[in-house]
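Residue numbers (my numbering): 2 to 76.
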């Protein structure tokens with residue numbers, strides 16, 4: 002079955018991976034810079050890196066699920 006700690010771990014890490022493309026984060030981030038009213042440009046720039054990090058997270062999850070599920074258990 003699914004390792005006990007894998008899904009909660011991926012849930013919390015996944016929330017942080019989505020942070021660079023969150024509209025409220027971009028809005029606060031550009032509020033004191035020259036990119037005011039260009040939040041879309043900032044989000045578009047961060048989107049590629051977010052997909053790279055997401056792919057890395059998926060590979061790690063598959064690795065732990067297939068290769069070392071005992072690492073993510075409570076035993």
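Think of the CB as a built atom: it goes at the ideal place given N, C-alpha and C, for glycine as much as any other residue. None of these values were measured; they are calculated from a predicted model.
8 Å CB neighbourhood of residue 7 in its chain, flanking five on each side removed: 62, 65, 66, 70, 73.
Contacts around residue 58, its chain only, beta-carbon distance under 8 Å, and the 5 residues preceding and following it disregarded: The answer, listed in chain order, is 11, 14, 15, 18.
Cβ shell of residue 54 (< 7 Å), same chain only, five flanking positions each side left out: 18
Proximal residues to residue 5 (C-beta, below 8 Å), its chain only, five neighbours per side dropped: 73, 74, 75
For residue 9 and residue 60, the rounded distance between their alpha carbons: Put simply, the backbone Cα of residue 60 is about 16 Å away from that of residue 9.
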